[in-house]
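Trainee:
Number of protein chains: 2
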Amino acid sequence: MAKVSKTRKPKGKEKPVILITNDDGVMAPGIRNLIEAVKDLGKIVVVAPDKPQSGMGHAITIGFPLRLHPVKLMDDVEAWSCSGTPVDCVKIAVDKVLHRKPDLCISGINHGANHSINVIYSGTMSAAIEASIENIPSIGFSLLNYSLEADFTGARHYARLIVEKILKTKSDKHLCLNVNIPSVDVSLIKGIKNCRQAYAKYEEDFHERKDPTGRKYYWLTGEFVNFDKGKDTDVWALENNFVSVVPVQFDLTNYTLKTKLDKTLKW
Amino acid sequence: MAKVSKTRKPKGKEKPVILITNDDGVMAPGIRNLIEAVKDLGKIVVVAPDKPQSGMGHAITIGFPLRLHPVKLMDDVEAWSCSGTPVDCVKIAVDKVLHRKPDLCISGINHGANHSINVIYSGTMSAAIEASIENIPSIGFSLLNYSLEADFTGARHYARLIVEKILKTKSDKHLCLNVNIPSVDVSLIKGIKNCRQAYAKYEEDFHERKDPTGRKYYWLTGEFVNFDKGKDTDVWALENNFVSVVPVQFDLTNYTLKTKLDKTLKW
Chain A
0 MAKVSKTRKP
10 KGKEKPVILI
20 TNDDGVMAPG
30 IRNLIEAVKD
40 LGKIVVVAPD
50 KPQSGMGHAI
60 TIGFPLRLHP
70 VKLMDDVEAW
80 SCSGTPVDCV
90 KIAVDKVLHR
100 KPDLCISGIN
110 HGANHSINVI
120 YSGTMSAAIE
130 ASIENIPSIG
140 FSLLNYSLEA
150 DFTGARHYAR
160 LIVEKILKTK
170 SDKHLCLNVN
180 IPSVDVSLIK
190 GIKNCRQAYA
200 KYEEDFHERK
210 DPTGRKYYWL
220 TGEFVNFDKG
230 KDTDVWALEN
240 NFVSVVPVQF
250 DLTNYTLKTK
260 LDKTLKW
Chain B
0 MAKVSKTRKP
10 KGKEKPVILI
20 TNDDGVMAPG
30 IRNLIEAVKD
40 LGKIVVVAPD
50 KPQSGMGHAI
60 TIGFPLRLHP
70 VKLMDDVEAW
80 SCSGTPVDCV
90 KIAVDKVLHR
100 KPDLCISGIN
110 HGANHSINVI
120 YSGTMSAAIE
130 ASIENIPSIG
140 FSLLNYSLEA
150 DFTGARHYAR
160 LIVEKILKTK
170 SDKHLCLNVN
180 IPSVDVSLIK
190 GIKNCRQAYA
200 KYEEDFHERK
210 DPTGRKYYWL
220 TGEFVNFDKG
230 KDTDVWALEN
240 NFVSVVPVQF
250 DLTNYTLKTK
260 LDKTLKW
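Protein chains in written order, with numbering that gives the first Met the number 0: chain A, 0 to 266; chain B, 0 to 266.
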């Protein structure tokens with residue numbers, strides 16, 4: 000497994016260690032594009048799920064053990080597949096593969112949008128959030144295109160630009176950025192905008208079907224509805240061909256509501 | 000399936016509809032205790048996982064359909080088991096069981112703590128958060144005792160008290176409370192405190208073992224470390240025998256960091 004310095008910050012010419020993961024699985028085109036985009040910026044170590052894990056949110060594996068296997072993705076890149084969730088991948092990467100915290104964790108490039116409420120369901124973003132919990136600055140990248148044949152040119156360009164910038168900047172140790180890239184020709188992307196998470200949600204509509212024995216089953220489908228007309232949101236930025244960057248936190252306390260409850264809810 | 004009024008608010012003598020779910024599974028003692036504690040406060044409809052789903056966080060089922068089966072838990076209580084995650088249970092309950100939003104969603108009583116960072120891994124709390132995303136006020140309850148034989152007396156008492164209070168109060172439609180109850184005799188519990196989420200995390204330590212064919216596998220274990228000395232946190236309240244109540248949000252935007260990045264990160 001990776002032999003890396005026990006010290007956290009790269010000194011002099013020492014390359015930063017960049018952990019790469021995703022939720023579409025280690026063989027997905029998105030992660031390959033992310034590796035290729037940043038390969039020369041540090042020592043790359045990949046620990047990613049051995050199968051698709053979209054929609055796994057912040058799930059961890061309890062009650063079952065995990066497997067870890069070396070995989071050959073490309074030259075000069077140490078890569079491992081893990082039988083667990085994206086969050087498991089970050090945990091086992093730090094404890095068993097790297098034996099220390101990497102300098103940066105990047106996740107993706109996700110096949111499909113992780114803007115607005117999607118951040119909460121996304122395995123890609125949960126891996127990045129897990130890294131930030133562990134004091135590892137992190138970035139999740141998503142391209143607004145679900146196709147396996149999607150054109151990653153724009154996503155690669157902006158992922159590299161953002162990783163370079165973050166590596167040069169003294170980061171907050173809990174820094175976690177949710178980056179979404181519009182699925183348009185790179186020449187049409189107008190730039191990068193810091194945003195807030197749009198208030199949007201899915202209106203669920205389960206499709207009811209019957210199996211060959213006549214028993215019902217249900218497929219989750221839903222319509223995405225954006226209730227947020229703000230021009231400072233990730234959805235607005237993406238609709239206007241900007242790359243959206245939302246800083247994400249793991250303190251879920253609703254402080255506004257807490258202040259209100261302190262006044263109104265006497266126990 | 001449940002025949003309930005299409006209108007949201009209970010009028011006159013109409014009982015409020017209370018959706019109950021959990022992550023330990025429909026047969027867990029915790030959910031039975033929660034049902035018994037609040038049974039007379041409304042029309043109870045249970046939709047809970049058909050197997051333990053602890054640590055599933057905000058996972059949803061993509062790529063597989065869901066099953067829904069009626070189960071007999073106790074008299075006068077409509078109950079369903081669902082093959083999906085806790086978040087799936089809330090989604091399918093609203094769309095296919097109730098055909099409308101319930102007046103309140105309660106989740107638990109979880110076997111084990113969901114204070115501090117646990118909120119992010121917890122299926123119990125993710126179900127409650129999902130309800131709040133869908134404009135359903137919600138409360139997750141957890142008892143600081145993992146045992147299936149735990150004494151739920153204190154947890155039942157406070158769960159009922161809190162549900163009664165929230166049903167009487169005009170709630171924020173996104174209200175989501177993370178309630179943890181200390182595992183001590185009810186006579187020792189000093190009361191209820193509104194809190195913020197403590198900054199704490201797990202230091203992972205995967206146990207490495209070998210299977211009968213000699214191949215390695217890894218068990219996730221970890222030590223819980225609380226870095227937060229504040230007396231306004233859920234961990235402090237619980238250590239001092241208070242029931243902790245943390246209002247929880249699904250807007251993950253880190254506004255403090257956003258303001259900082261707006262000044263320092265020029266793209």
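Here a beta-carbon is modelled for each residue, glycine too, at the ideal position from N, C-alpha and C.
Identify whether A:VAL185 lies in helix, strand or coil by the three-state DSSP scheme.
Mentor: It is helical.
Trainee: Starting from B:VAL86, follow the beta strand (DSSP E) in both directions and report where the run begins and ends.
Mentor: Run containing B:VAL86: none in the beta strand (DSSP E); it sits in the alpha helix (DSSP H), 85-91.
Trainee: Closest to B:ILE17 by CA distance: which of B:ALA92, B:VAL244 and B:ASP23 is it?
Mentor: Nearest of B:ALA92, B:VAL244 and B:ASP23 to B:ILE17, Cα basis: B:ALA92.
Trainee: Check for me: the alpha helix (DSSP H) holding B:SER121 runs from which residue to which?
Mentor: Note, B:SER121: premise wrong, no alpha helix (DSSP H); not H, not E.
Trainee: From this set, A:ALA199, A:THR255, A:LEU176 and A:PHE226, which residue's C-alpha is nearest A:VAL242's C-alpha?
Mentor: Considering only alpha carbons, the answer is A:LEU176.
Trainee: If the cut-off is 8 Å on Cβ atoms, which residues from the region 46-76 of chain B count as contacting chain A, listed in chain order?
Mentor: Within the region 46-76 of chain B, the residues whose Cβ lies closer than 8 Å to some Cβ of chain A are PRO51, SER53, GLY54, MET55, GLY56, HIS57, ALA58, ILE59, THR60, ILE61, GLY62, PRO64, LEU65, ARG66 and LEU67, listed in chain order.
Trainee: Quick check: what's the CA-CA separation for A:LYS209 versus B:PRO48?
Mentor: Spanning the two alpha carbons is a distance of roughly 21 Å.
Trainee: If you draw a straight line from the C-alpha of A:ASP22 to the C-alpha of A:ASP87, how long is it?
Mentor: Rounded to the nearest angstrom, the two C-alpha atoms are 11 Å apart.
Trainee: For the alpha helix (DSSP H) that contains A:ILE165, what are its first and last residues?
Mentor: Element bounds for A:ILE165: 152-167.
Trainee: Tell me which same chain residues have a C-beta within less than 6 Å of the C-beta of A:VAL185, skipping the five on either side of it?
Mentor: Contacts found: THR152, GLY153 and HIS156.
Trainee: Report back the beta-carbon spacing between B:LEU65 and B:SER82 to the nearest angstrom; my notes put them in contact at under 8 Å.
Mentor: Right, the Cβ-Cβ distance comes to about 5 Å (below 8 Å), so this counts as a contact.
Trainee: Hey, B:GLY56 and B:TYR120 are a contact pair by Cβ (cut 8 Å); roughly how many whole angstroms apart?
Mentor: With 8 Å as the limit, B:GLY56 and B:TYR120 qualify as a contact, their Cβ atoms being about 5 Å apart.
Trainee: With A:GLY54 as the anchor, note down where its alpha helix (DSSP H) starts and where it stops.
Mentor: Element bounds for A:GLY54: n/a, residue is neither H nor E.
Trainee: Check whether chain B comes within 9 Å of A:SER141, counting only Cβ atoms and requiring the distance to be less than that.
Mentor: It does not: the Cβ of A:SER141 has no partner Cβ on chain B nearer than 9 Å.
Trainee: Taking CB distances under 9 Å as the criterion, tell me whether A:ASN225 reaches chain D.
Mentor: The structure shown contains no chain D; its protein chains are A and B.
Trainee: B:GLY29: buried (16+ other C-beta within 10 angstroms of its C-beta) or exposed?
Mentor: Under this definition B:GLY29 is a buried residue.
Trainee: Verify the CB distance criterion: does A:ILE116 have a CB-CB separation below 9 Å to chain B?
Mentor: Chain B, which has a Cβ nearer than 9 Å to the Cβ of A:ILE116, makes this yes.
Trainee: Which residue comes first and which comes last in the beta strand (DSSP E) that contains B:ASN134?
Mentor: Neither: B:ASN134 is in no beta strand (DSSP E) and is coded neither H nor E.
Trainee: Going by DSSP, which residues form a beta bridge with A:PHE223?
Mentor: A:TYR201.
Trainee: Any chance the region 157-173 of chain B sits against the region 34-49 of chain B, with 3 or more Cβ pairs inside 8 Å?
Mentor: Touching, yes.
Trainee: What did DSSP end up calling B:GLY29 once you bin it into helix, strand or coil?
Mentor: Note: B:GLY29 maps to helix in three-state DSSP.
Trainee: With respect to the beta strand (DSSP E) encompassing B:VAL247, which residues constitute its N-terminal and C-terminal limits?
Mentor: Counting along the chain, B:VAL247 falls outside any beta strand (DSSP E), and DSSP gives it neither H nor E.
Trainee: Just to confirm the assignment, what range does the alpha helix (DSSP H) spanning A:TRP235 have?
Mentor: Segment 233-238, the alpha helix (DSSP H) holding A:TRP235.
Trainee: Over the uninterrupted alpha helix (DSSP H) stretch that includes A:LYS71, give me the two end residues.
Mentor: Per DSSP, A:LYS71 belongs to no alpha helix (DSSP H) and is neither H nor E.
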